[in-house]
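Top line first, the protein sequences correspond to chains A and B. Residue 2 is where the first sequence starts when you use the working numbering, and the numbers rise one by one after that. Residue 256 is where the second sequence starts when you use the working numbering, and the numbers rise one by one after that. Written below as structure tokens is the structure these notes are about.
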Amino acid sequence: MSVAELIAPAARRPVTSQQLWGRIGIYAFLGAMTLFFLLPLYVMVVTSLKTMDEIRLGQIFALPRELTFDAWKVAWSSACTGLDCTGLRVGFWNSVEILIPSVVLSILLGALNGYALSFWKVRGGNVLFACLLLGAFMPYQVFIYPLVRFYAQAGIYGSLPGVVLTHVIFGMPVMTLLFRNYYSGLPTELFKAARIDGAGFWMIFFTIILPMSVPITIVAVIMQVTAIWNDFLLGLVFAGRENLPMTVQLNNIVNTTTGERAYNVNMAATILTSLVPLAVYLGSGRWFVRGIASGAVKG
Amino acid sequence: MQTAQLTWHVRRNAVAYLALLPMAAIVVFAYLGTMAWSIRLSFSSSRLLPRNDFVGFAQYTELFGTSRWLTSLENFAFIAVFFLAICFVLGTLLAIFIDQNVRAEGLFRTAFLYPYAMSMVVTGLMWQWILNPDLGIERTMRDMGFSGFVLDWVVNSNTVLYAVVLATVWHGAGLVMALLLAGLRGIDTDLWKATRIDGIPAWRVYAFIILPILRPMIVTSLVLLSISIVKMYDLIVAMTNGGPGNASEVPAKFIMDNLFERANIGLATAASTTMLVTVLLIIAPVLYSQYLGKKGSSA
Chain A
2 MSVAELIAPA
12 ARRPVTSQQL
22 WGRIGIYAFL
32 GAMTLFFLLP
42 LYVMVVTSLK
52 TMDEIRLGQI
62 FALPRELTFD
72 AWKVAWSSAC
82 TGLDCTGLRV
92 GFWNSVEILI
102 PSVVLSILLG
112 ALNGYALSFW
122 KVRGGNVLFA
132 CLLLGAFMPY
142 QVFIYPLVRF
152 YAQAGIYGSL
162 PGVVLTHVIF
172 GMPVMTLLFR
182 NYYSGLPTEL
192 FKAARIDGAG
202 FWMIFFTIIL
212 PMSVPITIVA
222 VIMQVTAIWN
232 DFLLGLVFAG
242 RENLPMTVQL
252 NNIVNTTTGE
262 RAYNVNMAAT
272 ILTSLVPLAV
282 YLGSGRWFVR
292 GIASGAVKG
Chain B
256 MQTAQLTWHV
266 RRNAVAYLAL
276 LPMAAIVVFA
286 YLGTMAWSIR
296 LSFSSSRLLP
306 RNDFVGFAQY
316 TELFGTSRWL
326 TSLENFAFIA
336 VFFLAICFVL
346 GTLLAIFIDQ
356 NVRAEGLFRT
366 AFLYPYAMSM
376 VVTGLMWQWI
386 LNPDLGIERT
396 MRDMGFSGFV
406 LDWVVNSNTV
416 LYAVVLATVW
426 HGAGLVMALL
436 LAGLRGIDTD
446 LWKATRIDGI
456 PAWRVYAFII
466 LPILRPMIVT
476 SLVLLSISIV
486 KMYDLIVAMT
496 NGGPGNASEV
506 PAKFIMDNLF
516 ERANIGLATA
526 ASTTMLVTVL
536 LIIAPVLYSQ
546 YLGKKGSSA
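The structure is reproduced here in structure tokens:
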């Protein structure tokens, strides 16, 4: 196959030389941009595989001369944050413990809210929903201090239930929006028929609505796993020292070390922290985009 | 509605009201209540602990006399303007170029959007390392023979904001690309045939016909990016920690520092109330045109 054939548009037409240059331009631009977007990932990976001696030579783009996974081992099990030298694995398991209940609860509540709002005539429901949505636009800093006081009163400040509740609170606007929009697109006949047959609120929710919610639930899981795993602020404030999530621990490892920085360990730790969202992203393909698009305010 | 009718309505839908109780509680306590309390505290002399006195606008006067806050506002404006403008232009170009029947489209899409799945902490640490003047790109270029090459953005207070914009654009441009590409795919192919027959050059078709059609997607992506920029805290903490000096201080970080490190709750809540009002002033027209404008034309 010649170059001209290779880069021609998929629909075959004779290609003029002007069009050929146009095609070359398109690929040159896309290729350059791909380099820009992939470069940090590349640098991060090669740095994590080098020894510190090699890093000190200062060739950030060079491939490692001798491959070593030591930095990864250190990052996972013995990197230090202050006096603790237990590595990122503590943060990893903390993040898992925060993630699972937060994702499950926020999605269940989102589905329930969406169902009640779109199928049942609840007075004041739309006003409530509008307030919730408005909250999604506000900077967290407006809510944080009073929440800290509330939590301290309730005895859940700096604990796992505290941080999970916080994720449920701040995930609620988008989750409710997601399910409400999805349910308002479903035909109401099924719901009406079930009502006439005497089925109640929960019966309809569990036997009719939830089974129809599989696609939107997948979108919700993708969004919440990414968002909660990547969270830094809420984990930092609400989780407490014992439950700090991986992102907070990563930042502590990299930015609070004294003495010479171990860049290879830092980069290995950075990659480890992004593995979960990256796996979600690569595994979910177009669902990820669907999540972004449906998470937007559409009314 | 008569009282009897109302009672009947509530009783018939009682379960639906019960199911919405968690949401109502969250809206009332976690969103509205905390917001009201934050605003209330901004008029008090609270420092380490909340106080119930009333000092008028004293905290606001102090706030706007604090140079660190004013710097953070300027920085925020700079970052927001350049971040949104560059993301929009770059994301639009990427979407248009990908839409030219290119081969390996999936590869380009994946490469442009994956940063959006990564956390801000990871993004900040990654770019901090690449832009490190001692061992990063600057050193590499100098060793290659460009002895006068300077790329010290992260450690130079005059240019640190460029580094922040670079990292945020890398993170967010793919979002615009993904949403606009979805929009471009929804455009009727007859439109292209018609403009081709009329001999209108492609760039004019994009600028004056296609982009106006894609307006909802453009607004959506800009709204999502704006929310992320208002909430931006973790990227700054990871990448520069507000430095050098105060050169990359942002409002969200100013508030957090005053809440938890400087024990100045009155000042912090005055700052968060200012942010709240600013966000409301900015999003009100957008929401108004999105909601009411659409209702007017489509109903």
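Heads up, the beta-carbon is just placed ideally off N, CA and C, and yes, glycines get one too.
**Request:** Please confirm if F70/A has its CB atom under 8 Å from at least one CB of chain B.
**Result:** Within the first sequence, numbered from 1, the residue matching residue 70/A stands at position 69. No, its Cβ sits nowhere closer than 8 Å to a Cβ of chain B.
**Closer than 8 Å at the beta carbon, the chain A residues around T321/B** = Translated into the one-based positions of the second sequence, residue 321/B becomes position 66. Here the premise fails: no neighbours, minimum Cβ distance about 16 Å.
**Reference H426/B; option with closest CA among D453/B, V409/B, I484/B, L446/B** = Locating residue 426/B in the second sequence gives position 171, where the first residue counts as 1. When only C-alpha atoms are compared, the closest one is I484/B.
**Contact set between T177/A and chain B, taken where Cβ atoms lie within less than 8 Å** = Locating residue 177/A in the first sequence gives position 176, where the first residue counts as 1. By Cβ distance, chain B contributes M278.
**Message:** Let me check understanding here. Comparing Cα to Cα, which of L531/B, V532/B, P506/B, T528/B lies closest to R323/B?
**Reply:** Taking the second sequence and counting its residues from 1, the one referred to as residue 323/B is at position 68. Selected option, being the one with the closest Cα: P506/B.
**Asked** Which whole-angstrom value is the C-beta distance of T48/A and M268/A, which I expect to be below 8 Å?
**Response** Your numbering for residue 48/A matches position 47 in the first sequence. Your numbering for residue 268/A matches position 267 in the first sequence. That pair is a contact at about 4 Å.
**Asked** What residues match up with T257/A in a beta bridge as DSSP calls it?
**Response** Here residue 257/A refers to the residue found at position 256 when the first sequence is read from its first residue. Bridge partners of T257/A: none, in fact.
**Terminal residues of the alpha helix (DSSP H) in which F363/B lies** = To locate residue 363/B, count along the second sequence from 1; it is residue 108. Start and end: 360 to 372.
**Request:** Could you name the residues of the same chain whose beta carbon sits closer than 8 Å to that of V226/A, not counting the 5 residues immediately before and after it, in chain order?
**Result:** On the first sequence, residue 226/A is found 225 positions in, with the first residue counted as 1. The answer, listed in chain order, is L100, V104, V277, P278, V281.
**Request:** Using a cut-off of 7 Å between C-beta atoms, extract the partners of G201/A located in chain B.
**Result:** Counting from 1 along the first sequence, the entry for residue 201/A is found at position 200. Within 7 Å Cβ-Cβ: V270.
**Prompt:** Who are the near neighbours of L328/B in its chain, counting only those whose CB is closer than 8 Å to its CB and skipping five residues on each side?
**Reply:** Taking the second sequence and counting its residues from 1, one reaches residue 328/B at position 73. Counting only Cβ-Cβ distances below 8 Å, and skipping sequence neighbours, we find P506.
**Asked** Per DSSP, what kind of secondary structure is S552/B in: helix, strand or coil?
**Response** To locate residue 552/B, count along the second sequence from 1; it is residue 297. Interpretation of S552/B is limited by its pLDDT of 38, a score under 50 that renders its predicted location unreliable; no figure is taken from the coordinates.
**Item:** 8 Å Cβ cutoff, R394/B in contact with chain A
**Value:** Position 139 of the second sequence, counted from the first residue, corresponds to residue 394/B. It does; some Cβ of chain A falls within 8 Å.
**Item:** Which of helix, strand or coil DSSP assigns to D85/A
**Value:** Working through the first sequence from its first residue, we reach residue 85/A at position 84. Residue state, collapsed to three classes: strand.
**Request:** Answer yes or no: do F93/A and M247/A have a C-beta to C-beta separation smaller than 8 Å?
**Result:** Here residue 93/A is taken as the residue at index 92 of the first sequence, counted from 1. Here residue 247/A is taken as the residue at index 246 of the first sequence, counted from 1. Cβ atoms of F93/A and M247/A: closer than 8 Å.
**Message:** Any beta carbon of chain A sitting closer than 8 Å to that of A433/B?
**Reply:** By one-based count along the second sequence, residue 433/B stands at place 178. Answer yes: the Cβ-Cβ gap between A433/B and chain A drops below 8 Å somewhere.
**Request:** For the region 232 to 245 of chain A and the region 201 to 209 of chain A, state whether three or more C-beta atom pairs, one from each stretch, are separated by less than 8 Å.
**Result:** no
**CB contact flag (L501/B, T326/B, <8 Å)** = Here the question's residue 501/B lines up with position 246 in the second sequence. Here the question's residue 326/B lines up with position 71 in the second sequence. Here residue 501/B turns out to be Asn, not Leu, going by the sequence shown. The answer is yes: Cβ separation under 8 Å.
**Message:** Quick check: M472/B and L435/B, are their CB atoms within less than 8 Å of each other?
**Reply:** The sequence position of residue 472/B within the second sequence is 217, counting from 1. The sequence position of residue 435/B within the second sequence is 180, counting from 1. In contact: M472/B and L435/B (Cβ atoms closer than 8 Å).
**Request:** Would you please state the rounded distance, in angstroms, between the beta carbons of F363/B and I351/B? I believe it to be under 8 Å.
**Result:** Within the second sequence, numbered from 1, the residue matching residue 363/B stands at position 108. Within the second sequence, numbered from 1, the residue matching residue 351/B stands at position 96. Contact doesn't hold; Cβ gap of about 12 Å is too wide.
**Asked** In chain order, which beta strand (DSSP E) runs of at least 3 residues are fully inside the region 74 to 151 of chain A?
**Response** none
**Run of the alpha helix (DSSP H) containing G23/A, from where it starts to where it stops** = Counting from one through the first sequence, the residue named residue 23/A turns up at place 22. Here the alpha helix (DSSP H) through G23/A covers 18 to 49.
**Asked** Among the residues of its own chain, which have a CB less than 7 Å from the CB of V164/A, if the five just before and after it don't count?
**Response** Stepping through the first sequence from its first residue, residue 164/A is reached at position 163. Here the set comprises I99, L235, G236, F239, A240, N244.
**Asked** Between which two residues does the alpha helix (DSSP H) carrying M487/B extend?
**Response** Numbered from 1 along the second sequence, position 232 holds the residue referred to as residue 487/B. That residue, M487/B, is in no alpha helix (DSSP H); it is neither H nor E in DSSP.
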